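Here's the structure, in structure tokens; my notes come after.
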Amino acid sequence: MLQAIRGKAGSWIVKILFVFLILSFGVWGVGDMFRSGGPDQTVAEIGDIEISVADVDRATRQSVEQMRQLFGPDFGMEQAAAMGLVDRALDTLVTSALLDQAAADFGIVPPDSLIADEIRATPAFHDPSGRFSRDIFLGLLARNGLNEQG
């Protein structure tokens, strides 16, 4: 029986059918990925705020870096997952988004000048002379995976 199948597999008709089969998988399978813009990257949606996979990954990596300071450089993503740091990072992002959404709904938005004053008053951003240092501020943000806008 296998000999009969092997004999028919070499015919032109079977080869043409295989080409059509491969093309149909390519059109229906892979084509859907391109038409839909790829897989949805949104993990959670709170009002107008979307939390993406990248946001959760960034928060998880920050938690892992904090744990590495406590447990040493061998602390990795496996231990983080076992300790529930991924779930905790998502919970923190959802809570923050809920608070942001509630503040926006009530119109509670602190002015940029107030935020800038608080940042300048934070001792962690001061140089040895006691004055605010933008370099220290930006360096601390970069070490924590943040930027000035965030």
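Letter 75 of the sequence shown, counting from 1, is numbered 82 in the numbering used here, and no numbers are missing. Note that beta-carbon positions come from the ideal geometry of N, C-alpha and C, so glycine has one too. This structure is a prediction, so every number in the text was calculated from the model and none was measured.
Check                                                                                                                                                   : Outcome
Which of the three DSSP states is assigned to PHE82 in this structure?                                                                                  : coil
For VAL50, decide whether its Cβ has a neighbour in chain D, counting only Cβ atoms nearer than 9 Å.                                                    : Protein chain content of the structure displayed is limited to a single chain, and chain D is not contained in it.
Closest to GLN108 by CA distance: which of VAL26, LEU30, ILE53 and GLN48 is it?                                                                         : ILE53
Taking the beta strand (DSSP E) that THR99 falls in, what are its first and last residues?                                                              : Counting along the chain, THR99 falls outside any beta strand (DSSP E), though it belongs to the alpha helix (DSSP H) covering 92-113.
Between ILE56, PHE144, GLN69 and SER120, which lies nearest to THR102 when the distance is taken from Cα to Cα?                                         : ILE56
Between which two residues does the beta strand (DSSP E) harbouring ALA51 extend?                                                                       : 49-53
ALA96 and VAL60 look like a contact to me (Cβ under 8 Å); what is the Cβ gap, rounded to whole Å?                                                       : Actually they do not touch by this definition, with Cβ atoms about 11 Å apart.
Report back the beta-carbon spacing between LEU148 and GLU155 to the nearest angstrom; my notes put them in contact at under 8 Å.                       : 6 Å
Given a threshold of 16 other Cβ atoms within 10 Å of its Cβ, counted over all protein chains shown, does THR49 qualify as buried or as exposed?        : exposed
Taking buried to mean at least 16 other C-beta atoms within 10 Å of its own C-beta, is ALA87 buried or exposed?                                         : buried
Residues in the same chain with beta-carbon distance under 7 Å from LEU105, minus the five sequence neighbours each way, listed in chain order, please. : ILE53
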